[in-house]
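J.: Chains as they are written, first to last, in UniProt numbering: chain C, 1 to 233; chain X, 1 to 233; chain G, 1 to 219; chain E, 1 to 219.
Don't be surprised by glycine CBs; every beta carbon is placed ideally from N, CA and C.
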Amino acid sequence: MSGFNKVVGSYEEALAGLTDNMTVIAGGFGLCGIPENLIKEIQRQKTKGLTLVSNNCGVDDFGLGLLLGERQIKKIVASYVGENAEFERQMMNGELQVELTPQGTLAEKMRAGGAGIPAFFTATGYGTPVGEGKEVREFGGRKYILEESIRGDFAIVKAYKADPYGNLIFRKTARNFNPLAATAGKITVVEVEEIVPLGSLDPDQIHTPGIYVDRLIQGTFEKRIEQRTLSQG
Amino acid sequence: MSGFNKVVGSYEEALAGLTDNMTVIAGGFGLCGIPENLIKEIQRQKTKGLTLVSNNCGVDDFGLGLLLGERQIKKIVASYVGENAEFERQMMNGELQVELTPQGTLAEKMRAGGAGIPAFFTATGYGTPVGEGKEVREFGGRKYILEESIRGDFAIVKAYKADPYGNLIFRKTARNFNPLAATAGKITVVEVEEIVPLGSLDPDQIHTPGIYVDRLIQGTFEKRIEQRTLSQG
Amino acid sequence: MALSREQLAMRVAQELQDGYYVNLGIGIPTLVANYIPPGMDVMLQSENGLLGMGAFPTEESLDADLINAGKQTVTMVKGASLFDSAESFAMIRGGHVDLTVLGAFEVDVEGNIASYMIPGKLIKGMGGAMDLVAGADNIIVTMTHASKHGQSKLLKQCTLPLTGKGCIKKVLTDLAFIEIKDGKFYLLERAPGVSVEEIQALTDGELVISDDVPEMTFS
Amino acid sequence: MALSREQLAMRVAQELQDGYYVNLGIGIPTLVANYIPPGMDVMLQSENGLLGMGAFPTEESLDADLINAGKQTVTMVKGASLFDSAESFAMIRGGHVDLTVLGAFEVDVEGNIASYMIPGKLIKGMGGAMDLVAGADNIIVTMTHASKHGQSKLLKQCTLPLTGKGCIKKVLTDLAFIEIKDGKFYLLERAPGVSVEEIQALTDGELVISDDVPEMTFS
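#1: What are the residues of the stretch 163 to 186 of chain E that lie near chain X, defined by any Cβ-Cβ distance shorter than 8 Å?
#2: So, is residue 206 (chain X) buried or exposed, given that buried needs 16 or more other C-beta atoms within 10 angstroms?
#3: Could one say the Cβ of residue 2 (chain X) lies closer than 8 Å to chain G's Cβ atoms, at least one of them?
#4: Could you tell me which residues DSSP puts in a beta bridge with residue 146 (chain X)?
#5: Which two residues bound the contiguous beta strand (DSSP E) that contains residue 79 (chain G)?
#6: Roughly how many whole angstroms lie between the Cα atoms of residue 122 (chain G) and residue 87 (chain C)?
#7: Below 8 Å between beta carbons is the criterion; list the residues of the stretch 40 to 66 of chain E that meet it against any residue of chain X, in chain order.
#8: What does residue 187 (chain E) pair with, by DSSP beta-bridge criteria?
#9: So what does DSSP say about residue 154 (chain X), is it helix, strand or coil?
#10: If you check the beta carbons only, do residue 194 (chain X) and residue 161 (chain X) fall under 8 Å apart?
#11: Can you check which of these residues, G:169, G:145, G:99, G:116, is closest to residue 162 (chain G) by C-alpha distance?
#12: Counting pairs of Cβ atoms below 8 Å between the stretch 83 to 99 of chain E and the stretch 65 to 79 of chain X, do you hit three or more?
#13: Residues in the same chain with beta-carbon distance under 7 Å from residue 192 (chain G), minus the five sequence neighbours each way, listed in chain order, please.
#14: In chain order, which continuous runs of the beta strand (DSSP E) of length 3 or greater are located wholly inside the stretch 29 to 117 of chain G?
#15: Taking DSSP as the reference, what is the three-state secondary structure of residue 213 (chain E)?
#16: In the DSSP assignment, find the unbroken beta strand (DSSP E) run with residue 69 (chain X) in it and report its ends.
#17: Using CA coordinates, which residue listed in C:4, C:127, C:144 is at the minimum distance from residue 116 (chain X)?
#18: What do you reckon, are the CB atoms on residue 35 (chain C) and residue 128 (chain G) nearer than 8 Å?
#19: Could you give the C-beta distance for residue 62 (chain G) and residue 40 (chain G), rounded to a whole number, given that I count them as a contact under 8 Å?
#20: Can you tell which of X:175, X:118, X:152 has its C-alpha closest to the C-alpha of residue 23 (chain X)?
#21: Which two residues bound the contiguous beta strand (DSSP E) that contains residue 75 (chain C)?
#22: Any idea what DSSP makes of residue 200 (chain E), helix, strand or coil?
#23: Specify, as a first and last residue, the run of the beta strand (DSSP E) that residue 90 (chain X) falls within.
#24: Quick one: residues in its chain with C-beta nearer than 6 Å to the C-beta of residue 196 (chain C), no 5 flanking neighbours on either side, listed in chain order?
#25: Among C:12, C:216, C:192, which residue has its Cα nearest to the Cα of residue 44 (chain C)?
#26: Determine, for residue 96 (chain C), whether the minimum Cβ-Cβ distance to residues of chain G falls below 8 Å.
#27: Relative to chain G, which residues along the stretch 83 to 110 of chain C have a C-beta separation below 9 Å, given in chain order?
#28: Going straight from the alpha carbon of residue 5 (chain X) to that of residue 166 (chain X), what length do you get?
#29: Looking at the unbroken beta strand (DSSP E) that takes in residue 26 (chain X), where does it start and where does it end?
#30: Relative to chain X, which residues along the stretch 82 to 114 of chain G have a C-beta separation below 7 Å, given in chain order?
#31: Three-state secondary structure (DSSP) at residue 180 (chain C)?
#32: So what's residue 11 (chain C) in DSSP terms, helix, strand or just coil?
#33: Of the choices C:83, C:52, C:222, whose alpha-carbon is the least far from that of residue 60 (chain C)?
#34: Tell me whether the beta-carbon of residue 9 (chain G) lies closer than 8 Å to the beta-carbon of residue 32 (chain G).
#35: If the cut-off is 9 Å on Cβ atoms, which residues from the stretch 123 to 148 of chain G count as contacting chain C, listed in chain order?
What follows is the structure in structure tokens.
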């Protein structure tokens with residue numbers, strides 16, 4: 001079997017080595033494109049004290065909200081966390097640390113982490129609470145703040161299709177943070193809807209090359225919809 | 001006609017507004033994926049004093065080498081310029097300024113320019129002539145230098161296919177610096193092998209969204225090969 | 001009379017141009033899409049990774065993998081493209097989006113905006129708003145001119161934590177269309193039937209009023 | 001006897017592991033691809049935007065759009081992927097490539113490397129070499145141990161402008177396989193028939209020699 005075959009046999013194996021107090025970067029936007037089965041497996045394994053880096057934190061009974069319910073999350077780095085009652089309760093009680101990060105800065109921090117760029121300047125957050133304590137520098141007459149990159153012990157990612165080497169294709173807006181998370185994990189675990197034979201993906205059309213992927217598993221997905229809006233026409 | 005139709009009628013129109021002493025960012029690696037007809041049009045227009053940002057500088061009679069021949073280039077920012085006799089002559093004579101930039105740093109400078117990131121830290125070049133005069137900072141026990149982004153008055157880009165809105169697809173290693181250059185031009189001009197009808201490109205498979213593209217033209221390409229190497233089997 | 005939500009959207013839509021790439025925030029800004037002038041093409045950017053957002057789907061075309069930044073199911077128009085969140089904010093931060101429309105709690109005469117956080121109340125987060133206000137040259141803030149209790153939202157200085165500093169140049173309220181320049185509010189237009197005096201009374205920051213402030217028109 | 005170019009490539013190939021993503025520089029490093037041990041899968045990264053580089057093409061499969069970092073026409077293996085130059089160097093800079101092999105003019109006991117510029121001679125540029133040495137944890141430098149005039153290339157301190165500072169840990173020369181650690185060269189292996197004394201005589205930086213330095217073997 002090729003050393004490039006990333007396919008593992010179970011969700012347990014997919015998350016082997018994940019231990020208490022680790023940092024986990026998760027793909028997904030709202031409930032769209034979240035690694036829902038990997039999250040359930042973390043819930044099952046009862047790993048505690050986790051730092052989660054994810055744009056949102058799910059809802060009470062789905063996505064990362066499940067890990068809140070079990071008090072497995074110590075800290076969350078996110079841009080928007082508004083749809084979750086248990087989240088509010090834990091934050092208000094001081095049980096949960098929350099580091100609010102602008103959405104674009106969060107995306108860029110993940111990309112930079114994966115790309116070996118330790119820090120970058122951005123105008124986002126200058127003069128706001130986000131900029132407090134951060135270095136300010138002027139370039140071309142405009143003020144920017146210095147933001148540091150993020151890496152995770154694990155990254156958990158949801159993709160649409162993969163070949164056994166871990167080359168990934170995402171679908172529609174389920175792409176979102178997933179390709180960025182994939183680059184930023186020391187161990188990157190990906191769950192997909194379909195594993196296709198090697199050679200069946202067009203090399204020009206691969207969104208995430210397999211070099212970023214350590215473990216791969218095929219799952220079935222509920223794909224819950226948060227705001228089911230239909231046209232009235 | 002839609003305001004998003006980027007197609008222009010001629011190469012002259014494609015480069016309208018390009019004047020002496022401007023900065024032009026060009027895609028391509030060696031002679032692969034270079035905007036060969038746009039370069040020829042710059043030669044025809046005799047624009048002088050240009051600063052060219054491109055990984056390489058073509059060969060004597062093809063690619064950016066043509067602009068050297070006409071002494072249209074004042075300065076070049078590149079990572080490798082080894083295949084060009086006229087280049088050597090002008091550099092040795094001090095007629096041409098050369099700013100050597102590591103290939104990965106050059107790519108990242110273009111991306112940062114397009115992405116509104118004025119500067120980033122990288123380990124590349126620390127302790128070398130490239131790092132001289134640049135700020136050094138330690139992150140996690142390692143030393144990095146601060147590199148600033150690049151933007152161009154114009155970007156000239158070669159893609160494989162485009163729809164009229166300027167959504168682009170590149171082919172194989174002719175992609176290289178082209179998608180990065182496309183983001184970093186105040187005016188981005190793209191020449192392609194084929195303009196396909198709107199709606200015929202899969203939105204999931206577009207490499208460069210049309211928002212980065214200002215003008216689009218279909219051309220015919222020589223695609224000269226620099227090192228024609230064949231297997232002996 | 002104060003503008004309705006629909007009229008606010010209609011007035012913003014008058015600022016559109018053919019070929020504009022536009023990011024519309026949640027709430028009133030979203031309604032702008034309903035009033036794009038006929039014959040004009042505008043592409044909507046949704047910061048979760050979609051350029052060319054279309055209408056809400058039908059039951060048949062509903063797709064859990066295709067949502068907008070408000071997490072609502074949507075569709076794509078012809079010529080749409082999909083990308084990751086870093087690319088999406090590269091567009092925004094790099095100034096490639098032609099117009100951004102978003103709501104706010106407060107703006108002030110220095111172009112500061114506060115829109116994401118009220119101390120003591122639950123903090124939900126800034127989402128993409130800080131990136132949007134820092135990245136765009138051309139921003140229109142839509143909001144009510146004053147609170148229900150009559151307190152001005154156009155201030156000398158914002159009182160709430162900022163979303164962005166010195167980045168707002170245009171504000172459309174239910175009473176007025178205002179430009180921010182040189183540390184002052186310039187009254188460009190009045191809502192139909194609203195007097196300059198009413199606007200002045202509800203504007204905390206310095207308001208510059210020309211001799212003739214036209215009423216907004218809605219055709 | 002000093003190693004041939006092929007033997008250098010063969011010895012480097014012994015450092016490969018199944019599942020390694022590898023970047024091979026121009027020259028001797030390129031030859032390593034010919035000696036990948038049977039049953040072992042290695043993917044070659046070419047920094048111009050290709051992961052999974054294959055052999056040179058036939059006349060029929062020749063494609064001007066598919067070249068390697070040396071600008072030679074190549075092919076792709078099954079499972080290959082293509083990407084832009086920023087993504088390519090994100091892989092390299094981010095430490096995702098398992099092994100990098102490249103040539104040099106000089107290395108020194110501090111792990112410094114000089115490989116791109118000889119003052120007074122024509123400067124062609126560093127290409128991707130500075131990114132590669134700064135980005136990879138696991139680098140093997142291949143070069144001759146000394147110049148044609150017998151001057152050591154393994155120095156106390158590099159004399160030429162550096163390509164990278166403190167980033168080289170392993171050097172394979174035509175005479176020896178050497179590890180750089182704590183400001184010293186450690187002699188790990190000798191080329192067959194080459195004595196420790198010969199190596200010592202041609203090594204300028206401090207060389208640590210254990211009691212028994214094995215000869216390289218080539219099966």
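T.: With the structure as the only source:
#1: 163, 164, 165, 166
#2: buried
#3: yes
#4: X:121
#5: 76 to 82
#6: 11 Å
#7: 46, 47, 48, 49, 50, 55, 56, 57, 58, 59, 62, 63, 64, 65, 66
#8: E:178
#9: strand
#10: yes
#11: G:116
#12: no
#13: 1, 215, 216
#14: 42 to 46, 50 to 53, 76 to 82, 99 to 103, 106 to 108
#15: coil
#16: Segment 65 to 69 is the alpha helix (DSSP H) holding residue 69 (chain X); no beta strand (DSSP E) there.
#17: C:144
#18: no
#19: No, residue 62 (chain G) and residue 40 (chain G) are not in contact; Cβ-Cβ is about 28 Å, not under 8 Å.
#20: X:152
#21: 73 to 78
#22: helix
#23: Here residue 90 (chain X) belongs to no beta strand (DSSP E); instead the alpha helix (DSSP H) covers 85 to 92.
#24: 161, 163
#25: C:12
#26: no
#27: 83, 88, 91, 92, 98, 100, 101, 102, 103, 104, 105, 106, 107, 108, 110
#28: 8 Å
#29: 23 to 26
#30: 82, 83, 90, 91, 93, 94, 95, 96
#31: helix
#32: helix
#33: C:83
#34: yes
#35: 123, 124, 125, 126, 127, 128, 129, 130, 131, 132, 133, 134, 135
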